[in-house]
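One structure is given below, encoded as structure tokens.
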Amino acid sequence: MRAGDGDGDHGAAVRGRGPGRPARAPQAGRAARALCAQGGGRGGRRGADRCAVRARGGDVSGGAQGPALRDAHLHLAAMGDALSCVDVSSCASVDECLERVARGAAEKGPGEWVRAVGARVEGWRERAWPRAAALDEAAGGRPCYVQSFDHHAVCASAAALRLAGIEASTPDPAQGVIERDGEGAPTGLLLERAGEALWACVPAPTSSERREQVRLALASLRAAGFVEAHDMLSQPWLGPTLAALADAGDEDALAVRVWLHPPLREVEPILAGSEHWTRETVRLAGAKVFLDGTLNSRTAWMLEAYDEPAPGHPFGVPMMTAEEIDGALTRCDILGLPLAMHAIGDGAVRAALDAVERIAPTTFGTRVEHCEFIDERDVARFARLGVIAGVQPCHLLTDMEALRRITPRRVDRAFPLRDLLDACEAEGYAPGELVWFGSDAPIVPARAADNVRAACARRREGMGEAEAIGLAQAITEDEAMACMRSPEAGV
415 MRAGDGDGDH GAAVRGRGPG RPARAPQAGR AARALCAQGG GRGGRRGADR CAVRARGGDV
475 SGGAQGPALR DAHLHLAAMG DALSCVDVSS CASVDECLER VARGAAEKGP GEWVRAVGAR
535 VEGWRERAWP RAAALDEAAG GRPCYVQSFD HHAVCASAAA LRLAGIEAST PDPAQGVIER
595 DGEGAPTGLL LERAGEALWA CVPAPTSSER REQVRLALAS LRAAGFVEAH DMLSQPWLGP
655 TLAALADAGD EDALAVRVWL HPPLREVEPI LAGSEHWTRE TVRLAGAKVF LDGTLNSRTA
715 WMLEAYDEPA PGHPFGVPMM TAEEIDGALT RCDILGLPLA MHAIGDGAVR AALDAVERIA
775 PTTFGTRVEH CEFIDERDVA RFARLGVIAG VQPCHLLTDM EALRRITPRR VDRAFPLRDL
835 LDACEAEGYA PGELVWFGSD APIVPARAAD NVRAACARRR EGMGEAEAIG LAQAITEDEA
895 MACMRSPEAG V
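Going by the numbering used here, the letters in the sequence shown line up with residues 415 to 905, in that order.
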């Protein structure tokens, strides 16, 4: 999600075991610790005993048919919100995008915002964003934006730029880029935190609309076989999402158990209302920070420079210094909560692991989220440090062309799942203990089959083996399912 959306994620207290590493124990015991981690590390011995029963297959709800799945990384409110936007995810060119914007604008009143989502510009014929003036024309002068599928870039119309106060004299914010033409005027494209001024002036949904969005998202997950969802709460949706979940009765929320991962800076205010977040169905599970951006916007923090970097950022956009990462881990450990660190590039992954090694958090469940690229020297550190790798293999299917174009020399190292699982096995961990799959919905749909295909076949349906990306990193179907299986199977 948007790198400017917040600072979070995951765990339970396992004290005195070194840098975040769980004690050696039988499989059910380690799975129980992972499950208690999802409860935020605040359940004590009684909570651990209860979790152990579930990890061994205890049936609390009368049983369930089929595998009980976990999506370990998504955004509930954004899933519902996307349903009310213009969908440009299947567009193949700027013109096609503008046509859809124009159709969406025709249904709006004067001055109403036209919001389009899902742009995959790397796959467009021009491989370029529309300009602000073109969006103005398509939207009939209404404020309008087209957001990238990964939420780390957005292109705004001239009307939207005016409302956001973005003009030629506006400086680039920290960890953000305002793209400019040859004369210094904004083109409309805003990368990373440059989009925050835009989001601040977009009207927010009402509380009832937000509740309905969350309800629709939970229902869609349950229909797809998921019983557990880890909501990486993003800043623009934080308050309304929390309100919607707090208002949800246990009967409604039982459809899917929700583990909350808010921005780190919001954790303590949320803890003040802890009566809402310690229920069986909704729990505060950790905090989240962003260490970098995304590959498609070339803001993922890489160890090797991009061939075509974002302006002024040859290695991507680091979002935090080493000192700031250390401080975040320390603060979470004091609170008894684990930290989830958004890290897509291998530079960000290394920075996260380096910090874990320095701070040695005693709260189990520290997570590095996305892990699309991991330097070979860092793979084994996940198991050695007891750090969870949160991965969304399904993104390989949608990003195949972009991966080949943006990272041509290291594309076969993308999503190194085989190496991760082998390194975990060498340390005594079973598949799914330290490697957790998610979707990042609504970036891509929450479909278990897509993660299995990406992890096992490394190519889209209908493609031949020669078209696969990094077949050496393929894993088995059983291993892929283990990385999605909820420890709360049967709940």
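Cβ atoms here follow ideal geometry from the backbone N, Cα and C, with glycine treated the same way.
C-alpha gap between residue i and residue j, whole angstroms
| i | j | result |
| --- | --- | --- |
| Arg624 | Arg791 | 44 Å |
| Ser504 | Asn710 | 16 Å |
| Thr695 | Val515 | 39 Å |
| Ile684 | Ala614 | 22 Å |
| Arg861 | Thr692 | 28 Å |
| Lys814 | Arg874 | Inspection of the sequence shows that residue 814 is occupied by Met rather than by Lys. If you take the alpha carbons of Met814 and Arg874, they lie about 9 Å apart. |
| Phe778 | Leu848 | 11 Å |
| Arg556 | Met734 | 36 Å |
| Arg867 | Glu891 | 8 Å |
| Leu751 | Arg745 | 9 Å |
| Ala542 | Ala686 | 46 Å |
| Cys511 | Glu606 | 21 Å |
| Tyr559 | Met646 | 23 Å |
| Ala863 | Leu659 | 28 Å |
| Arg899 | Val528 | 39 Å |
| Gly708 | Ala757 | Note that residue 708 corresponds to Thr in the displayed sequence, not to Gly. Their Cα atoms are separated by approximately 9 Å. |
| Leu488 | Arg697 | 15 Å |
Classification of residue i by the beta-carbon crowding that lies within 10 angstroms, buried from 16 upward
| i | result |
| --- | --- |
| Arg772 | exposed |
| Gly609 | buried |
| Ser621 | exposed |
| Ala637 | exposed |
| Glu893 | buried |
| Leu885 | exposed |
| Ala618 | exposed |
| Arg872 | buried |
| Glu783 | buried |
| Gly525 | exposed |
| Pro732 | buried |
| Glu786 | buried |
| Met895 | buried |
| Glu642 | buried |
Assumed close pair residue i, residue j - CB separation to whole angstroms, cut-off 8 Å
| i | j | result |
| --- | --- | --- |
| Trp715 | Ala699 | Going by Cβ atoms, the distance from Trp715 to Ala699 rounds to 25 Å, so no, they are not a contact pair. |
| Gly518 | Ala533 | Not a contact, Cβ separation roughly 13 Å. |
| Val681 | Leu632 | The pair is not a contact, with the Cβ atoms about 23 Å apart (cut-off 8 Å). |
| Asn908 | Pro807 | Any property of residue 908 remains undetermined from this structure, which presents the chain solely from 415 to 905. |
| Gly639 | Pro481 | 7 Å |
| Ala869 | Ile889 | 5 Å |
| Asp747 | Thr776 | 6 Å |
| Ala742 | Val703 | 5 Å |
| Ala837 | Leu810 | Actually they do not touch by this definition, with Cβ atoms about 19 Å apart. |
| Ala491 | Pro654 | 7 Å |
Other residues of its chain near residue i: CB distance less than 7 Å, five sequence neighbours each side excluded
| i | result |
| --- | --- |
| Ile788 | Asp760, Val763, Pro830 |
| Ala599 | Ala582 |
| Phe563 | Ser503, Gly532, Ala533, Arg534, Ile857 |
| Cys897 | Pro845, Gly846, Val849, Trp850, Phe851 |
| Glu536 | Asn710, Glu815, Ala816, Arg819 |
| Ala572 | Ala546, Ala547, Asp550 |
| Leu835 | Pro845, Val849, Ile889, Glu893 |
| Arg460 | Confidence in Arg460 is poor, its pLDDT being 28 and thus under 50, which makes the residue's placement too unreliable to answer from. |
Spatial neighbours of residue i in its chain, beta-carbon cut-off 8 Å, leaving aside the 5 residues before and after
| i | result |
| --- | --- |
| Leu497 | Gln627, Leu630 |
| His727 | Val591, Arg712, Thr713 |
| Arg594 | Ala582, Pro600, Thr601 |
| Ala840 | Ala794, Ala797 |
| Val568 | Tyr559, Val560, Gln561, Ser562, Leu603, Leu604, Gly609, Leu612 |
| Leu767 | Val782, Asp792, Arg795, Phe796, Leu799, Val801 |
Residue i beta carbon near the ligand FAD (any heavy atom closer than 7 Å)
| i | result |
| --- | --- |
| His565 | Here there are no bound small molecules, and the ligand FAD is not part of this structure. |
Chain-order list of residues whose beta-carbon lies under 6 Å from that of residue i (same chain, five-residue window excluded)
| i | result |
| --- | --- |
| Glu718 | none |
| Ala570 | Tyr559, Gly602, Leu612 |
| Glu881 | Arg873 |
| Asp586 | Ile592 |
Residues sharing a beta bridge with residue i, DSSP
| i | result |
| --- | --- |
| Ile802 | Arg781 |
| His756 | Phe704, Glu783 |
| Ala774 | In DSSP, Ala774 forms no bridge with anything. |
| Arg697 | Trp673, Thr692 |
Interface flag, residue i vs chain B, CB-CB below 8 Å
| i | result |
| --- | --- |
| Ser583 | No chain B is present in this structure, which holds just one protein chain. |
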